[in-house]
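In what follows, a structure is listed as structure tokens, so that the remarks can point back to it.
There are 2 protein chains.
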Amino acid sequence: MRDLLALVDRPEVISFAGGLPAPELFDVDGWRAAFDAALTGPAARRHLQYAATEGDLRLRGHLAARMTAWGLPSQAGDVLVTTGSQQGLTLVAAALLEPGATVVVEEPTYLAALQCFGMAGARVVAVASDADGVDPDALAEVFARERPALLYLVPTFANPTGKTLSARRRERVAELAERYGVWIVEDDPYGELRYRGDALAPVASYGERVVFLGSLSKIGAPGLRLGWVRTPSALRAALVIAKQAADLHTSTIDQAAAAHYLAVADLDGHVARLRVAYRERRDTMLGLLPQVLPAGATWTDPDGGMFVWVRLPGEVDTAAVLPVALAHDVAFVPGAPFFAVRADRATLRLSFSSSTPERIVEGMRRLGVALGSGSSALPSTALPTALPTVLSAGNRT
Amino acid sequence: MRDLLALVDRPEVISFAGGLPAPELFDVDGWRAAFDAALTGPAARRHLQYAATEGDLRLRGHLAARMTAWGLPSQAGDVLVTTGSQQGLTLVAAALLEPGATVVVEEPTYLAALQCFGMAGARVVAVASDADGVDPDALAEVFARERPALLYLVPTFANPTGKTLSARRRERVAELAERYGVWIVEDDPYGELRYRGDALAPVASYGERVVFLGSLSKIGAPGLRLGWVRTPSALRAALVIAKQAADLHTSTIDQAAAAHYLAVADLDGHVARLRVAYRERRDTMLGLLPQVLPAGATWTDPDGGMFVWVRLPGEVDTAAVLPVALAHDVAFVPGAPFFAVRADRATLRLSFSSSTPERIVEGMRRLGVALGSGSSALPSTALPTALPTVLSAGNRT
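Protein chains in written order, with this note's numbering: chain A, 1 to 397; chain B, 398 to 794.
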């Protein structure tokens, strides 16, 4: 296990495993100026001090304005700043889930969400979905039968599949949540990274029973650990109490720097540049998959985000393929841990965001060699299922 | 309630309520230089990226060296960086407490710890203590009777009492934990703020069953939210998993800035200056208490830290005194919420750290007027017990 980890960390490995933004695209100068501004002048001491649990009021205002521009009218008072949107998930679990509560998820879904619900003692139930995301008819049936506490969705450029819930289904899903008294957690770290088609309004714009989780990690910089929860008023007090117990508040200085950055930097222009770069990477990867993958493989064609989801043909276990890939200096995440109930072990996730097109070409070549080494060379014993979690530790997989 | 909060936030109020470090003593220039260095050069992009859950290896090395200097031999690999030591508490609760587990605490104790254990579904049991801290004989009895999962202590300059566990008792408490198979959580945010006497080695130096929680909030700056857990190897994996679910990792840039700061700044010299300033504030407050408090009042005489714990004579409820104090533009924290089992409502906590000696003199004068308004003027109805928590929201009370 440790040996495998060491293999992934070797610089010669081209990794499609993590869900990392491209570091060469970070606005380093903008962030350095923002921290400098936050630590200059009379407000500097305030930015080093304890602060309100809810977050920096200027930052909350900028984030509310951003959500409003996405079609989700919001005010600063609706925003609870979190230490990354991962923390938002944990706070929602703390505030909404009693041990034994039922959580409904798409399958596959974000594996750290599954871990989070598992740690909260919840029972996880899967609902059917197709290329347009979760199936509303199946969802109605699950809601009626299971009486869940919450439904967790990554409705836009989902992790791990890259799929997007259609506008019509967003409306229906929000209606079902109202009708059955279920809370929806709309996890949206990727929404601004759209490479094709028109933006869709968040599910939260269709109803009141939606907790929207946002993040600056993919459009700003993940190292600052800045996310937010748009809190329905009925949940606000419980979420603030959970946040206070979790870490009192998010880094004052990081919040102040982000507030400054959002005030003075051209974030929309930066996001536009990210879209151009990531679109090229997605297209490079998708263009090579027909040559690289064995006949009968299928994959998603995401409109945005960071991920392509692949299914290999036959009875292969991708956890057993990973060591072979690593031997060829290329990495991916085996798919099984993304499943809550019944794992499809022939699946795997590829991330195209953190590799340049040149590296993607070379990485795809290596993956082709690894997969082309023949099914007889692929060992059938699965690695421990904890492996992919650890492989992707420290990033939002 | 909201009106009361507004009263505390008024700038004319002299607050002895929060557990805030003095902002005028922050090393603003040192921190600005540290952030600038962290965002300059080839490492800058790494400092904006996702990072390992365990924390920045350089920072972990500095923190381990610091603990070693305190008499607690440590290595970087023993350190898990947390988003403030408040998060360390929550991680320990997540890793060690099943619902219904028993936690032993001194009474009174840090109220956010009580909230944290309550949110984890634990049953809290109090153990007797005196001026030297927790009573080992009483502790042995409680351990034998209750078979608790953990013992929570702030053994050095405790919050809220300012009391310190004697060296001899540290050894005995650690032995008892080994004998009964109980984990000790040694919460030590104040240990370096000693104004009298010699430093004591941490409880963790006396045995293996101690989880030590450290913090840069009081000696560096709380706005960075940087704390750490010194993890016994038996708990390391569970704590890292809990940390990953909580927020993936602590701010990369804040950690990098702190690593730079600890490498180049004279933190020991800074702490020495803090000690001089805080000692004067403590002495100013203690010198005035005999004039300010009614006859029969008692209070602690802390060797360090930030707090003096007061008991008023008679049947007074300090939660009912607070509005009177606020009417005189002075604030404190009523004592009841610091008790886990049986509240002594005649108690209150005063913090001397964040007010200059001049402000302490004036604040003490106002407190004297408020208390001297006569016991007949003090309403006997208690405010909701949640009040002090909210009053002190956003700081480590």
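Ideal Cβ placement from N, Cα and C applies to all residues, glycine included.
Every value quoted in this text rests on a predicted model; they were computed, and no experiment measured them.
Distance from the CA atom of B:S612 to the CA atom of B:G693, rounded to whole angstroms, is 36 angstroms.
Residues of the stretch 415-442 of chain B whose Cβ lies closer than 8 angstroms to any Cβ of chain A, in chain order: G415, L417, P418, P420, E421, F423, V425, W428, R429, F432, D433, L436, T437, A441 and R442. Interface with chain B (8 angstroms Cβ-Cβ cutoff): A:T252 is included.
Scanning the stretch 485-560 of chain B from its first residue to its last, the whole alpha helix (DSSP H) runs of 4-plus residues come out as 508-516 and 533-543. For A:G207, the three-state secondary structure derived from DSSP is coil. Exposed is the label assigned to B:Q688, since fewer than 16 other Cβ atoms lie within 10 Å of its Cβ. Taking a C-beta distance under 8 angstroms as the contact criterion, A:L165 and A:V210 do not qualify as a contact pair. In chain B, no part has a C-beta under 9 angstroms from the C-beta of A:P160; the shortest such distance is about 17 angstroms.
Contacts with chain B at 8 angstroms (Cβ-Cβ) do not include A:M306. Here DSSP, grouped into helix, strand and coil, assigns B:T479 to strand. For B:G666, the uninterrupted alpha helix (DSSP H) segment begins and ends at L664 to V689.
For the pair of segments examined, the stretch 562-574 of chain B was found to touch the stretch 539-553 of chain B: the number of CB pairs separated by less than 8 angstroms reaches three.
Neighbours of A:H270 in chain B, taken as residues at a C-beta separation under 8 angstroms, are lacking, since the least C-beta distance is about 13 angstroms. Put simply, the backbone Cα of B:A669 is about 9 angstroms away from that of B:L590. With the rule of 3 Cβ pairs closer than 8 angstroms, the stretch 591-601 of chain B does not count as touching the stretch 214-234 of chain A. Here DSSP, grouped into helix, strand and coil, assigns A:P323 to helix. The stretch 337-344 of chain A makes no contact with the stretch 21-29 of chain A; the number of CB pairs closer than 8 angstroms stays below 3. Look at A:R225: its C-beta is under 8 angstroms from a C-beta on chain B. Chain A has no Cβ within less than 8 angstroms of the Cβ of B:Q688. In the structure shown, the three-state DSSP call for B:P754 is helix.
By the neighbour-count criterion, in which 16 or more other beta carbons inside 10 Å mark a residue as buried, B:E712 falls on the exposed side. Inclusion of A:T102 and A:L91 in the CB contact set at 8 angstroms is not warranted, their separation being larger than that value.
Judged by DSSP secondary structure, B:F432 falls within the alpha helix (DSSP H) whose first and last residues are V425 to A435.
Pairing A:T298 with A:L286, the inter-Cα distance amounts to about 11 angstroms. The stretch 443-458 of chain B makes contact with the stretch 645-656 of chain B, as at least three CB pairs between them are under 8 angstroms. The three-state secondary structure of A:A346, taken from DSSP, is coil. With respect to chain A, the C-beta atom of B:T753 has no partner C-beta closer than 8 angstroms.
DSSP, read as helix, strand or coil, puts A:L226 in strand. Chain-ordered, the chain B residues with CB closer than 7 angstroms to the CB of A:P99 read P496. Taking 7 angstroms as the upper bound on Cβ-Cβ separation, chain B lies near residues T83, G84, Q86, Q87, T90 and A94 of the stretch 71-97 of chain A. Taking C-beta atoms as the reference points, B:V637 and B:E451 count as a pair closer than 8 angstroms.
In the assembly as shown, B:G732 is a buried residue. Its beta-carbon has 16 or more other beta-carbons within 10 Å. Within the DSSP bridge table, the entry for A:V369 names no partner. Straight-line measurement puts the Cα of B:P619 at about 8 angstroms from the Cα of B:G481.
Residues S74 of the same chain have their beta carbon placed closer than 6 angstroms to that of A:T68, with the five preceding and five following residues left out of the count. In this structure, A:A22 keeps its C-beta atom at 8 angstroms or more from the C-beta atom of A:A257.
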